[in-house]
Each structure stands twice: as structure tokens, then as C-alpha cells.
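To start, the structure itself, in C-alpha cells.
Protein chains: 2
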Amino acid sequence: MDMNERKRKILHSIIDEYIKSAEPIGSRHIAKNLDFGLSSATIRNEMADLEEMGYLEQPHTSAGRIPSDKGYRLYVDSLMNDYELTVSDLSDFGGVLEWKMGQIDKIIKRASVLLSELTHYTAVLTTPEMRRGAIKTVELVPVDSASALIILVTNEGVMKHKRVLLPAGVDGEFVHSFSNLLREKLSGSTLEEISAAKISEIRRAMQAHFELLFPVLDFIAEIIDDVRAETEIFTSGATNILNYPEFNDVHRAKEFLEFLDNKEAVAEILQPATGQEAGFSDGGITVRIGKENKQDIMQKSSVITANYYVGDQVMGRLGIIGPTRMDYPKTIAKIKQISAMLNRLLYDLYIEEE
Amino acid sequence: MDMNERKRKILHSIIDEYIKSAEPIGSRHIAKNLDFGLSSATIRNEMADLEEMGYLEQPHTSAGRIPSDKGYRLYVDSLMNDYELTVSDLSDFGGVLEWKMGQIDKIIKRASVLLSELTHYTAVLTTPEMRRGAIKTVELVPVDSASALIILVTNEGVMKHKRVLLPAGVDGEFVHSFSNLLREKLSGSTLEEISAAKISEIRRAMQAHFELLFPVLDFIAEIIDDVRAETEIFTSGATNILNYPEFNDVHRAKEFLEFLDNKEAVAEILQPATGQEAGFSDGGITVRIGKENKQDIMQKSSVITANYYVGDQVMGRLGIIGPTRMDYPKTIAKIKQISAMLNRLLYDLYIEEE
DNA sequence: ATTAGCACTCAAAGAGATAGAGTGCTAACA
DNA sequence: TGTTAGCACTCTATCTCTTTGAGTGCTAAT
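So the sequences go chain by chain: C and U.
Counting the first sequence from 1 gives a position; this note's numbering is that position plus 4.
Counting the second sequence from 1 gives a position; this note's numbering is that position plus 4.
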């Protein structure tokens, strides 16, 4: 059995129609509504072939056909037309302009809301990975006689802070000079570079004056570890998915929503595809269709993910989750758009102003 | 028709049973399983009376009875027995001990997760209101040549920070002395007190040296406004609710989940009851049953809320949302417990150490 | 190669029929 | 006078049976 142009066109139409209706597509429907100039019987024969080749499936004998995962895969890889965002689509992105001077978390959050509202699927984003961030400054700010704030600023603009108790007998001036020592030792290092050795070095440098603050140093080591490990995940539009008939039973809906609460699992689906994988795409866009996903719950869903960058360094990923019957061209176009906007925004925020 | 002790006991039993089973309760069930020493016929008569009095309802003629909102109200106000937390219940609270040195948001978040896990309903908490917080310190920390961080610390330990661009020609020393001016002027004031007048005063004091930093001052005014307005809301265990047959259709589930996304609406249900209201209770615990709730979507749900304090000042509220058929005694006991734990924790964090 | 025609299949929707849980009422009882 | 046994009645949930209609696969004619 070989794949000719007519078969491709018919498959394309079937998938387009099924994406719209979520109902199995029959030969008569195709023959009538699309003008192939062929009778339903001919279409029927072609459909039987396509099924044999694995691109279509039949829920039961007397139903129409629905695309298989393999069908969707072919569709995504070589059938579908790129979707051009319309003026009206683009105007929906308007809100982005207001983001300008915010913090990075806010931007990411806003982007996830926008993405879910634009696509009507569920959006998932990671906050930037900070392993490779460089420390811009470390500050120890006295709050009152007994406590101070440790503040950590990286070049990615993300800040971490923590309140610590100070040992008795430590005054503001003392804290201030320790703060200077810290800044001097740590500024410019990336988080990856700050090893136990480096901390020990600071400890030695402290020997002379700052024995009292040893506990504070431990705290600092701790929050650096925290930041290093931390990648937050935002999801948005979880309830969107409940609009699709695919999720029209409470059990399935519940499983899905609980899955979204499981940050590790969500982080996993955001992983980019490797070269081995079917979903691999060098544009940074990964599409995983149905059973191409590892997770049980995702077997009937598709996930489209993309990178976002600052300059040429990958900072994090964003994506959407929807039923396998997903409007791939449109969704991919929108993800690309959001990703591009994020790139530009973050670039302005962290590179240009340096 | 008057309410005698026997009627009260029967009503009590019916509600207890209905809370367990979610199935209408028939006279035979009560006569058989609870030992009133009465026949089903007698129970039947009493039930007819209770229905006439408005405490029970019948879904249809040949079904058993279910409690009405009025029935639940009587139950909560004067029928139900206080639930004593068991040792095993209490051991579930164990995780709290780990909270000790965290930030306030973390604590609140943790508390909401714990509350939802313990009750199996949906938990809702507000972060502390900061209107009345006093500013402990304001700091302007230079990050690089072009930008600085504004950091605001209140006595409630909550910190707000924002990165601002600095005008050209401003050096670290300059920023530092401005920072000192700010601290001097603002420390000790509560957020409520910081009016436009106060800001103008600072502006005047700046006249001499700091014209360059006027834009930064505006930013500071802005973030103070932000903090003043800001009460965040955490929800947790939203999917718990899907386990209850009351929410066993996708449409209803969806409405509920969307409701939870609407922060203003959720803030509203957390409002304490006024003296006028049925749900009023001076212990700080408010119970709103079914139609006692203003919100459409809550007409078939109950909400139990409580205050949490630091010292004797109300800081925020916590609560749970569940079906009207809710295990009131147990849930109330658990909310009280969590609230007490929060109080203690926050007290340790903000009062003792001062 | 395409198509008209027809027999066949199967899920979904509708129509009874049945079972069972529960009620209300009446009459008998202590 | 309060309680109970008994019975007719009601109503839902469930099961089975039938009907409907969409869609297929195959065959024979074009």
C-alpha cells in the first residue's frame, strides 16, 4: 500500500474535520462537504486503505473514522498548513505591553494566563532555571535589633530573601561590614560555581572578625542551594480543558487536575524532545501526541512545548496541554508568538540594560 | 407543632446518617440501625412532622428524607456534639513543626495544604492584611550601575521588593544616603499613615540633594500602595471536592473550579459573619450553610471560616468549602486546631522575637 | 478506476416492564 | 392517647427489547 497525494489530501481533510467536530468522520461527510469530486464509495475505499496503513481508526464498525496518533503525527509533520495569526488574533496579545517593568515571576504568570486564554487549552510554564545565573549582589539588611534580611540578587533579576535571627551583641555597623565582605566574595560568581569550598573560603576570611555570624553564613549557603534547585511551575486555564468532550467525565477531569498539581510530573512533560524521539523538532517546538507521552494520564492528550530564551541561552519552557484532537497549526503559531514575545521582553529586561 | 426531645434526637440521627451516606434516609433505616425502640411507622410520623416544620425535605414522594438548610442550621447551632480530635487526628498535624523558620507566605501555603488534606474539602486562606502593618525598614540596594532594588519590610515580616531603573549619573554612595533618608522618614509609620502628604514631605526633604531620584520616590509610593491593597488568597485541595457525589457532573465541577479562580469572589466568602446573620458566632468561627451564602454557586455548599491572629489582632482568615452535607463537628474542630496553630506560630515569629 | 446499490453492523435513543425502597393512611392495640 | 402492623400507592432506577440511523464493506455495473 502506498501513500499517494489523494490519500494525503483525504487524510488531511478528515483530521481537519475531526479537530473541529470531535465526532467520527464518515465517507459521506467528506464526499459531500469537501469538493474532491469523488463519490462516498471512493472515499470509503481510500479510508479503508488509510486505516490499514494505521493513520485512521474506527471506534466501532458502523462509526466513521477518527485519526490515530500516527495520523496526527503525519499531520503535524507534513500535512498541516502553517497558521498565520490574523490581525484579530494579534490584537488579543495586546495586554503584553503592560508587562514592561514587572518582576520576572509576574511576567511568567501573565504569560501563562495569556497563553491559556488565547489557546483555550491549559498552559504550563517554568520559571527560569537559575543554575547558571550570576550573583549580582548579596546584601544583609538589619531589620531590628534581633534580625536581618539576607537578600540575593542574580543577573536574571530574580531575588531571593530570607529573614534570619542575629546572635545577641551584633550591631548594625557590624552587619554592614559583613555585608560588604559577602558582596565582595560572591558577586559575579554563578550559582553553579559557589561550592562548599567557596563557602569555606569566606568562613576563613571571616575568622578575624565575624565568628558571631557563622550561623548566618550557613543560612546563606542554604538559600543559595534553594535558588539553585528551584524551578517553579505555573499552570493556568486548568478548567479550560473541561470544555472538551474528551474530558466529559468527572473521573477523568479529576485525574487531569490532580496531575497538574503534581509539579514533578508537569516538569517532566515540559522536557524538550531528544533527537531519538518522534516529537523532535529543531525549532525548539516539541509536539508529543497521545501515546508519545510517557505519563499514563497524557495518553489521550497532546502536549506542545517551546523554549524561551534570554539572548541565546535557554531560560525555561512553556507549553500547552489539550486533547490529541487539538488545533495544531493555530496552537503552534500562538505558542511561537508568546515565546517570541517573552524572549523580547526578557531580553529588554536583562541584557539591554546591563 | 412543637419540637420535643425525641424529634431533636431523630433529626440529629438523620443528619448524622445523611452526612455519612449522601443518600436520602428512610424511616426504616433509622428504626433498624439506631435503637430508639420505636417502629418505623412512628419514626415515619415524626419525620412527617419534621418535614412540615421545615427541617427535612423529600427529593420525591417515594424517597427518604434529606436535611434542609434549616435542618443543618439547627444541627450546627444546637444539635451536634463537639468533635474531640483523636490522637491519630493530631498526629496528622505533625508536619507543622517543620514550618518554624519560614516566611509567612510559605506558612500560609503550608497551612492551606494541611487544612485541605485533613478535612478532604477545599481550603481557602488569606494572607495577612497589611494595612495596619508598620514599616520596619526601607532599603534601596544598588544592583548594578543602572538599577537598584527597593525593599520594604514591615513588622509583619512581609517584604515587598521591586527593581527600578536609576537615572544616569547616580552612584552607589548617593543611593546609599538616599536610602538612609528614606528609612529615617518612613520607619515606624504604619502603611495606613503613609499619605500623599507624607510623601510630599519626603520630596521636600529631598529637594536639596536628590532631585535626580524623584522618579524612584514615585515608585516607592506605588509599591506602598500595592502592599496596602494586597491580600493574597491561597486555595488548596480544589480537586477534593470532586470526590463528593454532589459534584458529580462536569458542569458543576467546572463552575466550582472557576469560582475558585475568581479571587474577589473567594475573598467575599471568607468575610466573617455579622451579628445580623444566621451564621454569626462569636468564637470567630462562621458557618454559612447553603442558601445562607450570597454567591449563586455556593447555594448548595457550606463554608466554614475562622480568624487567625497575631496576639489579639486579626490577621487574616482561613476556611473550607464543602457540600452542605458536611461533617460539621469534625471540620470545625480541625479548623479551630489549625487556626490555633497558626496563631501560635505567628506569635512566635513576630511578637516574641521583638 | 469509479460509482451505485444493497446487505449488514452497531451504538444510541426510546419504550415498556419490573423491582424495590419508601411513604401515608387506616385500623388495631396497649 | 401514643404506638404499631399492614397495605395500597408512588416514584425512581434498572433492565430488556425495539427501533432508528449512520456508516461500512462488498459486488456488480459503468
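Don't be surprised by glycine CBs; every beta carbon is placed ideally from N, CA and C.
Helix, strand or coil: which one does DSSP assign to U/Met-302?
For the purposes of this step, residue 302 of chain U is taken as the residue at position 298 of the second sequence. Helix.
Looking at U/Ser-240: is its Cβ nearer than 9 Å to the Cβ of U/Thr-335?
Residue mapping note: residue 240 of chain U aligns to position 236 of the second sequence, counting from 1. Residue mapping note: residue 335 of chain U aligns to position 331 of the second sequence, counting from 1. The Cβ atoms of U/Ser-240 and U/Thr-335 do not sit closer than 9 Å to each other.
Taking Cβ-Cβ distances below 7 Å as the criterion, which residues of the region 133 to 151 of chain C are in contact with chain U?
Lys-140, Thr-141, Glu-143, Val-145, Val-147, Asp-148, Ala-150, Ser-151
Less than 9 Å between the beta carbons of U/Ile-34 and U/Ser-25, yes or no?
The count along the second sequence starts at 1 and reaches residue 34 of chain U at position 30. The count along the second sequence starts at 1 and reaches residue 25 of chain U at position 21. Against a cut-off of 9 Å, the Cβ pair of U/Ser-25 and U/Ile-34 comes out as no contact.
Rounding to the nearest angstrom, what Cα-Cα distance links C/Ala-344 and C/His-180 in this structure?
Translated into positions along the first sequence, residue 344 of chain C becomes position 340. Translated into positions along the first sequence, residue 180 of chain C becomes position 176. Those two C-alpha atoms are separated by around 42 Å.
With a Cβ-Cβ cutoff of 9 Å, do U/Asp-360 and U/Thr-90 count as a contact?
Outside the displayed range of chain U (5 to 358) lies residue 360 of chain U, so it cannot be described from this structure.
Residues of the region 52 to 74 of chain C with Cβ closer than 8 Å to any Cβ of chain U, in chain order:
Correct list: empty, as no residue qualifies.
Skipping 5 residues on each side, what residues in its chain have a beta carbon closer than 8 Å to that of C/Val-270?
Indexing the first sequence from 1 puts residue 270 of chain C at position 266. Closer than 8 Å at Cβ, skipping near neighbours: Val-128, Ile-237, Thr-239, Phe-263, Leu-264.
According to DSSP, is C/Gln-62 helix, strand or coil?
Counting from one through the first sequence, the residue named residue 62 of chain C turns up at place 58. Here C/Gln-62 sits in coil by DSSP.
With a threshold of 7 Å on Cβ separation, who are the neighbours of C/Met-105 within its own chain once the five nearest residues in sequence on each side are excluded?
To locate residue 105 of chain C, count along the first sequence from 1; it is residue 101. Its pLDDT being 48, under 50, C/Met-105 is placed unreliably in this model, and the value from its coordinates should be taken loosely. If we look at C/Met-105 and ignore the five residues flanking it on each side, it has no Cβ neighbours.
Alpha carbon to alpha carbon, how far is U/Asn-184 from C/Arg-208?
For the purposes of this step, residue 184 of chain U is taken as the residue at position 180 of the second sequence. For the purposes of this step, residue 208 of chain C is taken as the residue at position 204 of the first sequence. Roughly 31 Å between the two C-alpha positions.
Grab me the residues of U/Pro-333's own chain with a C-beta within less than 7 Å of its C-beta, minus the 5 sequence neighbours each way, in chain order.
Working through the second sequence from its first residue, we reach residue 333 of chain U at position 329. The answer, listed in chain order, is Met-84, Asn-85, Asp-86, Tyr-87.
Can you tell me where the alpha helix (DSSP H) with C/Leu-185 in it begins and where it stops?
Along the first sequence, read from residue 1 onward, the residue named residue 185 of chain C stands at position 181. Taken as a continuous stretch (DSSP letters only), the alpha helix (DSSP H) holding C/Leu-185 covers 176 to 190.
Residue-chain proximity (U/Lys-258, chain C), Cβ-Cβ < 9 Å
Translated into the one-based positions of the second sequence, residue 258 of chain U becomes position 254. The Cβ of U/Lys-258 sits closer than 9 Å to at least one Cβ of chain C.
Under a CB-based cut-off of 9 Å, is U/Val-157 close to chain C?
As a working mapping, residue 157 of chain U is identified with position 153 in the second sequence. For U/Val-157, the answer is yes, since a Cβ of chain C falls inside 9 Å of its Cβ.
8 Å Cβ shell around U/Asp-230 - same chain, five flanking residues per side excluded:
Taking the second sequence and counting its residues from 1, one reaches residue 230 of chain U at position 226. Lys-164.
Beta-carbon proximity of C/Arg-69 to C/Gly-30, cut-off 9 Å:
Here residue 69 of chain C refers to the residue found at position 65 when the first sequence is read from its first residue. Here residue 30 of chain C refers to the residue found at position 26 when the first sequence is read from its first residue. In this structure, C/Gly-30 lies closer than 9 Å to C/Arg-69 by Cβ.
Sort C/Tyr-312, C/Phe-214, C/Leu-349, C/Thr-158 by Cα distance to C/Leu-274 and report the nearest one.
Position 270 of the first sequence, counting from 1, holds the residue named residue 274 of chain C. For the residues C/Tyr-312, C/Phe-214, C/Leu-349, C/Thr-158, the minimum Cα distance to C/Leu-274 belongs to C/Tyr-312.
Is the separation between the beta-carbon of C/Asp-175 and that of U/Lys-140 shorter than 9 Å?
Reading the first sequence from its first residue, position 171 is the one you call residue 175 of chain C. Reading the second sequence from its first residue, position 136 is the one you call residue 140 of chain U. Result no, Cβ atoms of C/Asp-175 and U/Lys-140 do not sit closer than 9 Å.
Would U/Val-254 count as contacting chain C if we go by Cβ distances under 9 Å?
Reading the second sequence from its first residue, position 250 is the one you call residue 254 of chain U. Yes, U/Val-254 lies at the interface with chain C (some Cβ there is under 9 Å from its Cβ).
With which residues is C/Gly-320 paired in a DSSP beta bridge?
Here residue 320 of chain C is taken as the residue at index 316 of the first sequence, counted from 1. In the DSSP output, where bridge partners are listed per residue, C/Gly-320 has C/Tyr-312.
Kindly list, in the order they appear in chain U, the residues whose Cβ is closer than 8 Å to that of C/Thr-243.
Within the first sequence, numbered from 1, the residue matching residue 243 of chain C stands at position 239. Simply Lys-258, Leu-261, Glu-262, Asp-265.
Closest Cβ-Cβ distance between C/Leu-129 and chain U: below 9 Å?
As a first step, residue 129 of chain C is located in the first sequence; it is residue number 125 there, counting from the start. For C/Leu-129, not one C-beta of chain U is nearer than 9 Å to its own C-beta.
Given that C/Leu-15 touches chain U, what residues does it touch there, using C-beta distances under 7 Å?
Start at 1 with the first residue of the first sequence, and residue 15 of chain C comes out as number 11. Under the 7 Å cutoff, chain U gives no residues; its nearest Cβ is about 31 Å from C/Leu-15.
Using a Cβ-Cβ distance cut-off of 9 Å, determine whether C/Phe-251 contacts chain U.
Reading the first sequence from its first residue, position 247 is the one you call residue 251 of chain C. Yes - at least one Cβ of chain U is within 9 Å of the one on C/Phe-251.
Quick one, which residues of the region 216 to 246 of chain U are near chain C if we go by CB-CB under 8 Å, in chain order?
Ala-242, Thr-243, Leu-246
CB-CB under 6 Å to U/Leu-216, same chain, minus the five flanking residues each way: which ones, in chain order?
One-based indexing of the second sequence puts residue 216 of chain U at position 212. If we look at U/Leu-216 and ignore the five residues flanking it on each side, its Cβ neighbours are Pro-171, Val-174.
Closer than 9 Å, CB to CB, is C/His-165 near chain U or not?
Walking along the first sequence from the start, residue 165 of chain C turns up at place 161. Yes, contact with chain U.
Going by the beta-carbon positions, is the gap between U/Ile-444 and U/Thr-123 smaller than 9 Å?
Since the displayed chain U opens at 5 and closes at 358, residue 444 of chain U lies outside it and no answer follows.
Within 10 Å of its beta-carbon, does U/Glu-218 have 16 or more other beta-carbons around it, so buried, or fewer, so exposed?
Position 214 of the second sequence, counted from the first residue, corresponds to residue 218 of chain U. Rather than Glu, the amino acid found at residue 218 of chain U in this sequence is Phe. Answer is exposed; the Cβ neighbour count stays below 16.
When we look at the beta-carbon of C/Met-302 and count the other beta-carbons within 10 Å, is it buried (16 or more) or exposed?
The sequence position of residue 302 of chain C within the first sequence is 298, counting from 1. It counts as buried.
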